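The sequence shown runs 1 to 123 under UniProt numbering.
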Amino acid sequence: MAKRYELTDEQYEQIKDLLPGKVGDPGRTAEDNHRFINGVMWVLRSSAFWRDMPERYGNYETTYKRFSRWAKKGIWEQVFKRLLKDPKNAYVMIDSTLVKAHQNATTGKRGRCVRLWGDPVED
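Shown next as structure tokens:
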């Protein structure tokens, strides 16, 4: 049974062929992609800092570096596209509790003025 924030074995089976580090892929063979993905999911879904990631997922610094490399290569996009094909895709849903904005994001610096819909005032 998967722990909180982790992919089940069935969910992992759907995406494992998309992930780099398989035997036969160029470069280094991944130690455990399933554990790595569960670590990433834990950090992203719990909104914790990378350094607070539990040790059972591995070293947080190497996990973050690998996460960043995969993001630059577009691997996460492929994974989410595959998972979205599943009609029971609750594990890929993002809600407003996961979306954060910097404290200064609420105001602009003399940019376009925000106005009410239908307001005829010109810029």
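All C-beta atoms in this analysis are idealised placements derived from N, C-alpha and C, irrespective of residue type, glycine included. Here the structure is a predicted model, which is why all the values come from computation and not from measurement.
Check                                                                                                   : Outcome
Backbone CA spacing between Gln11 and Leu83 [nearest angstrom]                                          : 8 angstroms
Contacting residues, own chain, Cβ-Cβ under 6 angstroms from Met1 (five flanking each side not counted) : With a pLDDT of 49 at Met1, under the threshold of 50, the predicted position of this residue should be treated as unreliable, though the coordinate-derived value follows. If we look at Met1 and ignore the five residues flanking it on each side, it has no Cβ neighbours.
Contact check, Phe80 vs Val40, beta carbons under 8 angstroms                                           : no
Limits of the alpha helix (DSSP H) - the one that Lys65 falls within                                    : Tyr60 to Lys73
Backbone secondary structure at Met1 - three-state DSSP                                                 : In this predicted model, Met1 has a pLDDT of only 49, less than 50, meaning its place in the structure is not dependable enough to derive any value.
Pairwise C-alpha distance: Asp52 and Ser46                                                              : 10 angstroms
Assigned exposure category for Phe36 - 16 Cβ within 10 Å defines buried                                 : buried
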